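Note that the sequence shown ends on residue 187 in the UniProt record's numbering; no numbers are left out.
Idealized CB from N, CA, C, for every residue including glycine.
Fair warning: this is a prediction, and the values are worked out from it, not measured in the lab.
Step one of this worksheet: look at the structure below.
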Amino acid sequence: FLSRSRLFVVLHVALQAAVFGEYTWEVFGYCWELQFHPLLLLLPYLLLAVNLGCFLLCSRANPGAVTKSNAAALVKVYAYDGVLFQRGLVCPTCTLEKPARSKHCSVCRTCVHRFDHHCVWVNNCIGACNAGVFLLYLLSLAATAGVLAAVTAAFLIQVLLLSNAMHGTYLDARGQEQPVQIPVLIQ
């Protein structure tokens, strides 16, 4: 974790491919047959496109690297508080004056303006210039997960209702016939 690696980027893309492969294979086709609204079925794919766009922007965008050409301008953006951020301090690695709210990222090997963190999932720092896109990335990821869960839950409920499983019975541990209840179905 001390140098940039595409491991988590590849893992992230592989996990999304697996989730959407499963959704397409197991849920989408059956929901289409059950006449779910097409917009509801296509919404996860739309959110995936938004998420992948934000992912690419966030991973490729300059997070706000402090350079010789922009250091003088960035020093004026935020006031130094004299406690955490002192005027005149120089980054020992970059040999540039540190603007207030900047931090040197040991992974990317550069100082980043309004540094938040280094994200292994996008393989980039999150700073002043890509924080907004990163938040959109997180929101679209959460929305995608929520919509996938809602569509899958609606599908499972529909299958449960169509199967008449609620009107069935089962044999308990004593061999007695019992009506099916929701806790049994959830197992």
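Nearest candidate by alpha-carbon position, reference residue i, set the options
i	options	result
TRP121	ALA150, LYS98, TYR137 and CYS111	TYR137
LEU148	ARG87, GLY53, VAL19 and CYS125	VAL19
ALA17	TYR30, THR144 and HIS113	THR144
ALA73	LYS98, GLN187 and THR93	LYS98
THR43	GLN181, ASP172 and ALA150	Looking at the sequence provided, one finds Leu at residue 43 rather than Thr. Closest option to LEU43, Cα to Cα, is ALA150.
VAL10	GLY146, ASN123 and GLY21	ASN123
LYS103	ASP172, LEU34, TRP25 and GLY64	GLY64
VAL13	GLN86, ALA165, LEU171 and LEU141	LEU141
Limits of the alpha helix (DSSP H) - the one that residue i falls within
i	result
LEU136	131-163
CYS31	29-33
HIS12	7-22
LEU185	182-186
Where residue i sits in the DSSP three-state scheme
i	result
PRO99	coil
TYR170	strand
ALA79	coil
ASN70	coil
PRO63	coil
Proximity of residue i and residue j at Cβ, strictly below 8 Å
i	j	result
VAL79	ALA100	The identity of residue 79 in the sequence shown is Ala, whereas the question assumes Val. Yes, these two residues count as a Cβ contact at 8 Å.
LEU185	LEU162	no
THR152	VAL50	no
GLY132	ARG114	no
PRO179	THR169	yes
Whole-Å CB distance - residue i paired with residue j, under 8 Å assumed
i	j	result
LEU96	VAL66	6 Å
PHE155	TYR45	Contact doesn't hold; Cβ gap of about 16 Å is too wide.
CYS129	CYS111	Between CYS111 and CYS129 the Cβ distance is about 13 Å, and since that is not below 8 Å, they are no contact.
VAL83	SER3	Actually they do not touch by this definition, with Cβ atoms about 32 Å apart.
CYS105	CYS125	5 Å
Span of the beta strand (DSSP E), counted from its first residue to its last, around residue i
i	result
CYS111	110-112
CYS51	Residue 51 is actually Asn in this sequence, not Cys. Taken as a continuous stretch (DSSP letters only), ASN51 belongs to no beta strand (DSSP E), being part of the alpha helix (DSSP H) at 38-60.
PRO179	177-179
ASN123	ASN123 -> no beta strand (DSSP E), and no H or E assigned at all.
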